[in-house]
Amino acid sequence: MFKSKRVVFGLAGTVLFLTFLLGAGGYIKKTYTIRTVYVEGNVHYTEDEIKAFVMDGFLGDNSLYLSLKYKDKGIEGIPFVDVMDVDILAPDTIRIHVYEKTLTGCIRYLDTYVYFDRDGYAVESSGVRTVGVPEIIGLQFDHLVMGEILPVKDTGIFNNILDLTKLLQKYTLTPDKIYFNGSGEMTICFQNLKVALGNDGATLEDKLMILSGLLSRLEGKSGVLQMQNFDEDSGKYIFKPEG
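This is the structure we're talking about:
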């Protein structure tokens with residue numbers, strides 16, 4: 006008889022426990038189902054692409070699950086992305102913060118674009134050109150290994166590239182390509198307009214500071230703006246049209 010009571014109580018306890026779990030699961034599913042998503046920090050991917058990456062698979066629409074899944078975790082299999090965090094702003098609202106890999110430039114290599122960081126390490130490759138990352142032309146090497154430094158003769162060139170790209174960002178200049186010749190002279194290209202900057206790093210910022218105004222005056226023209234020996238005080242420069 007006591008044994009029967011223990012069985013009954015045991016079954017009742019199990020039923021109550023299962024009922025609790027189902028109830029708690031239903032509450033969590035209903036309360037934490039995502040309805041609003043904010044995306045920050047993305048450059049190489051659209052908001053919809055980031056949402057698709059993060060909210061894929063089982064419980065992909067549950068804010069509580071996603072916040073735990075992406076907590077302090079690196080991202081694998083998504084080019085250009087280092088880390089993504091998911092913050093719960095409200096039970097049905099999340100914010101996805103994307104931390105992308107720092108890319109200084111890219112090169113064209115065997116019909117693909119290889120992106121490198123500030124130290125010259127090849128970090129990603131893609132058949133698609135990424136907006137906002139300049140293509141670097143003139144780097145000489147005979148092989149390439151992903152994850153290693155581009156084997157150029159003078160690795161100091163990467164410091165020059167980094168300095169130049171930082172200044173371009175500072176003055177909101179977005180050239181299509183950046184060319185370095187064998188003497189380290191820099192030329193930046195805006196469609197059909199080329200700007201020869203020379204290799205004097207000391208005057209580089211002065212040149213770029215006023216370049217925006219010069220570009221507006223040369224809009225729609227083709228040719229070379231020669232700023233190697235630009236005289237800021239006199240405001241003189243040489244423009245050689247092409248075509």
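The C-terminal position of the sequence shown is numbered 248 in this note's numbering, with every residue numbered one higher than the one before it.
All C-beta atoms, glycine included, are put in the ideal place defined by N, C-alpha and C.
The structure presented is a predicted model; accordingly, all values stated were derived computationally and were not measured.
Asked, Found
"Report buried or exposed for Lys199, applying the criterion of at least 16 other Cβ atoms within 10 angstroms of its Cβ.", "buried"
"Roughly how many whole angstroms lie between the Cα atoms of Phe3 and Gly228?", "Beyond the ends of the chain as shown, which are 6 and 248, falls residue 3; an answer cannot be given."
"Rounded to a whole number of angstroms, what is the C-alpha to C-alpha distance between Asn197 and Glu45?", "34 Å"
"Among Met232, Gly62 and Cys194, which has the Cα closest to the Cα of Lys226?", "Cys194"
"Is Leu209 near the ligand MG, in the sense that its beta carbon is under 7 Å from a heavy atom of that ligand?", "The ligand MG is not part of the structure shown, which contains no ligands of any sort."
"How many angstroms separate the CA atom of Ser72 from the CA atom of Lys175?", "34 Å"
"Only counting the same chain, and skipping five residues up and downstream in sequence, which positions put a Cβ closer than 6 Å to that of Lys245?", "Gly228 and Val229"
"Roughly how many whole angstroms lie between the Cα atoms of Tyr126 and Leu209?", "25 Å"
"Count the other CB atoms, across all protein chains shown, that sit within 10 Å of the CB of Ala207; report buried if there are 16 or more and exposed otherwise.", "exposed"
"Does Asn186 pass the burial test, meaning 16 or more other C-beta atoms within 10 Å, or should it be called exposed?", "exposed"
"Using a 10 Å radius around the Cβ and a threshold of 16 neighbouring Cβ atoms, would you call Phe85 buried or exposed?", "buried"
"Give the straight-line distance between the Cα atoms of Gln231 and Tyr242, rounded to the nearest whole angstrom.", "7 Å"
"Measure the C-alpha to C-alpha separation of Arg113 and Ser131 and round it to an integer number of angstroms.", "10 Å"
"Taking the Cβ atom as the reference point for each residue, do Ile142 and Ile183 lie within a distance shorter than 8 Å?", "yes"
"Would you mind listing the beta strand (DSSP E) stretches within the region 92–171 that are 3+ residues and don't spill past its ends, in chain order?", "98–105, 110–114, 117–121, 127–131 and 140–142"
"Where Asp66 and Lys212 are concerned, what is the direct C-alpha to C-alpha distance, given to the nearest angstrom?", "50 Å"
"Determine whether the beta carbon atoms of Leu167 and Thr109 lie at a separation below 8 Å.", "yes"
"With a 10 Å radius around its C-beta and 16 neighbouring C-beta atoms as the bar for buried, classify Leu2 as buried or exposed.", "For the chain, the structure presents residues 6 to 248; residue 2 sits outside this window and is missing."
"If we ignore side chains and look at the alpha-carbon of each, how far apart do Thr107 and Glu190 end up?", "24 Å"
"Taking all protein chains shown into account, do 16 or more other C-beta atoms lie within 10 angstroms of the C-beta of Met89, making it buried, or fewer, making it exposed?", "buried"
"In this structure, how does DSSP classify Lys182 when only helix, strand and coil are distinguished?", "strand"
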